[in-house]
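The sequence shown begins at 1 in full-length UniProt numbering and counts up by one.
Beta carbons are placed, not taken as given, at the ideal position from N, Cα and C, and that holds for glycine.
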Amino acid sequence: MPTLNVQLFEGRSDDEKREYAKALTEASVKVLGCDASAVDILFQDVKKSDWATGGVLWSDAK
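If you want it as structure tokens, here you go:
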């Protein structure tokens with residue numbers, strides 16, 4: 001507790017994910033009062049061709 005599922009466009013570096021994981025963990029500890037060791041974060045890289053907003057694929061966005 002908790003498990004956070006994070007979906008991002010592919011291409012983020014391991015360093016960016018590391019920093020984001022640290023920030024999410026710190027926020028979870030502060031807000032939820034849990035131990036850092038209890039926070040799980042799952043990163044899912046998504047291709048822009050697999051993500052649409054407002055009916056438009058991000059790969060088609062101008």
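Check                                                                                                    : Outcome
Length of the line joining the Cα atoms of residue 13 and residue 20                                     : 11 angstroms
Supposed close pair residue 45, residue 10 - CB separation, criterion 8 angstroms                        : 4 angstroms
Reduced DSSP category for residue 45 - H, G, I as helix; E, B as strand; rest coil                       : strand
Own chain residues within Cβ distance below 6 angstroms of residue 17, not counting five before or after : 43
Host beta strand (DSSP E) of residue 6 (start-end)                                                       : 3-9
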